[in-house]
Every structure is written in structure tokens, then in C-alpha cells.
Amino acid sequence: MKRGVRLLLATLVAGIALVLAFHGVSFEQFGGAVAGADWGPLVIATSLVVLLILARILRWAILVRQLQPVPTGQLFAIASVGFMAIDLLPLRMGEFVRPVLLTRNAKMPFGAGTASIVVERMLDLIAAGTCLLVALLLADMPEIIVTVFDTPVDLAVQGRNAILFAMAVLGGPLVVLGLAGPRGIALLMRGLDLLPAAVGGKILGLVASFGEAVRAMASPRVAASTLGLTAVAWGCNLVGLWFTLRAFGVEIGMAEANVVMLTVTIALMLPAPVGGLGVYEAGAVAGAMLYGVPQATASAFALSLHGTHFLPVVVFGLLCIGSLGIGVRQLWALPSEASEHAEAAGN
């Protein structure tokens, strides 16, 4: 019942996002923007997405092998199918597919497989925070002037300063507490008692997950390799987005392309059906239009960007799914199997 309600909400969000992304754009305008695209940069962008996928697979393989030795071919297949499931299943239910497949095919405890996903997400969160910091320090932001008590205020500048201040004041101590382990968590709990339970619980969970990630990468070699592969993956994502913009004649700097990438990343946090449909497009359109890109061009860019990310992931997954003894239809049952494993672990 809860899943049905969430899916209904996700579909509603996707519908609203698609309307916002393509509102006022005629078929002629959209078709003209697509027809005028330069296919060379799009081919480069797609190639970079392939490198991104390979970097993510290798990073996850390193994390899994800290927990249990698993054959390379099997890890590659599980990762490819798991990434495809994230795009094919709604509400990011595909995140649970890799731990289930590890349990099925490699006899790894479900909790251990889930821990590898938690560490992976924390690495991506570190990368997103780094990209945000770069955007705040280097990117040119369009002016957003409002009048407050007869005084003009640039929201872009003031917002940038406020976020930088918050990251410096809050981010540093939270990282230190996460590194401190149980003692740091206990100290943090005392301070979080002053906040509402929902907010405090999320902060505590985030810091605890960060601590788990650091401890999982206790070896300097593992830390260096996983952080390096995270940088490669996010770098490919950024440069690929920049090339996709170039395909539609949009020439902005890499720092500004980073801002567009962050708007897509933030949009993907919203509940969405298959493959982030709607929210992906809305985030890309909003980011491009920040820099004066006409909406028809921004819409064509957004759909192309989504396609360059979606298609290679699905191709990798389809090429590997047969080796795991399952079909595409069976992917839908795996999140339920994950719930059964989680319940069994809790009992």
C-alpha cells in the first residue's frame, strides 16, 4: 500500500516536472533544436558515460572485495544489472538489487552487500559536496536581485555566502565527529537532542554512515583507489554534460556546467518513476536556463543528456543479465526479496 502511494506521488511529480520542462515549447521548436544538434559532441558524451559506468563498477568491486572475495566476471554482471535496475525500477528501488544478487550468486550476507551500497553513496555525497564547493567558489551565477527594506539584495551572492558559511561551520565538525567513531556519535547525540527528532535523526544517520564508510576504507590503498574512481566518475559526468551542451551550441565554462550538473543531481532527489523521468529533464532545463539558454534548446539538451546516461546503462545490464540466470521481468521482484532479507536480519 505504501509503495503504491509513493509510486502515485512519484508519477504526479514526474508529470508536473515534464510540464514545467516542456511548457511553451512547440514541436517545431523542439524538433528544430534537435535537428541542429552536432552529433560529434554527443558521441563523445556517450563515450564518457561508458567510462563513468566502468569507474563505478570498479569502485564498487573494490568495496565488495573488502568484505568477501567475489569473481571479477560475477561482480561485473551484478553491478551492470544493478545499475540498470536503478534506471528501470521506480523510486530507486533498484538500489536493493545488487545486495540481493550478491546474496543469491556469491552467498554474501545481505547486510554486507547493503553496507557496500552505503559506502558508495557516501563517496558520491562527498563528491557532490566538493562539486557544490567548486560551484560556490568559481562559477558565475546569474543575478537574482530582490528588494528588502528598500535595499537591493543579490540572492545569488548572499545565498553563496550563506552556504559557504554553513559548510564551514557545520560540515567540518560533522566530519570530525564521524571520524571519531562511537565516541563522536555519542557526543553528537547530545547536541542533536536540541533539534526536532526527524531532523536530528537524519543528521545522526548521515554522520554514522560517513563513519562506516571511513572505517570500510581503513586501508590507505582502498581509500585512495575508491576516492580516485569517484573523482573519475564525477569528472566524466561533468565533462560529458559539457559536451552535450556544446552539441546544442551552448558555450559555458566548466564551472558553470558544474552548476547545471548539480541542478540535475538535486532534482533526482525527488521521487520519480522509471529512470528519473521528468525530474531529470526539469533539473537539466532549469540548470541550462540559468545561463540564458532558450527553453526549446534547453529541453532538447535535457532529453539528450538523459538519453546518453540511460541507454548505455541499459545496454550493459541487458548484456549481463542472462549470465545471472534471471530476466528483466524478475527485476521487479528483487526489491521485495530485499525486504525479506532485511526483516530476517532484524529478527
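The sequence shown maps to residues 3 to 349 in the working numbering.
The beta-carbon is built from N, C-alpha and C at its ideal position, and this holds for glycine as well.
Rounded to whole angstroms, the Cβ separation of A269 and V281 is 5 Å, and the two are in contact under 8 Å.
Taking every protein chain shown into account, the CB of W62 has 16 or more other CB atoms within 10 angstroms, so this residue is buried. Restricted to the segment 57–108, not a single beta strand (DSSP E) segment is unbroken, complete and at least 3 residues in length.
Cβ-Cβ distances below 7 Å link L103 to I80, V83, G84 and L326 in the same chain, with the five nearest sequence neighbours on each side left out; the list follows chain order.
Pairing A19 with G115, the inter-Cα distance amounts to about 33 Å.
Listed in chain order, the non-local C-beta contacts of S301 below 8 Å within the same chain comprise A23, F24, V27, F32, A35, E283 and V287, local neighbours out to five positions each way being set aside. In the structure shown, P314 falls within a helical segment according to DSSP collapsed to helix, strand and coil.
Under the Cβ criterion (8 Å, minimum of three pairs), the segment 312–329 counts as touching the segment 84–96. With fewer than 16 other Cβ atoms from the protein chains shown falling within 10 Å of its own Cβ, P73 counts as exposed.
For Q332, there is no enclosing alpha helix (DSSP H), as DSSP gives it neither H nor E. By the CB criterion at 8 Å, L313 and L243 fall outside the cutoff. The criterion of a C-beta distance shorter than 8 Å is not satisfied by A16 and T310. Our two residues, P337 and L50, have alpha carbons roughly 30 Å apart in a direct line. Apart from sequence neighbours up to five positions away, no residue of its chain approaches P222 with a beta-carbon distance below 6 Å. One alpha carbon belongs to A117, the other to L65, and they sit about 9 Å apart. One Cα belongs to A257, the other to D40, and the distance between them is close to 22 Å. Within a 10 Å sphere around the beta-carbon of T105 sit 16 or more other beta-carbons, which makes this residue buried.
A226 is not a Cβ neighbour of V252, given a cutoff of 8 Å. Within the same chain, V27, Q31, F32 and A35 come within 6 Å of A298 by CB-CB distance, once the 5 residues on both sides are set aside. Taking 8 Å as the upper bound for CB-CB distance, I323 and V330 are in contact here, some 7 Å apart.
Taking a C-beta distance under 8 Å as the contact criterion, L264 and L134 qualify as a contact pair.
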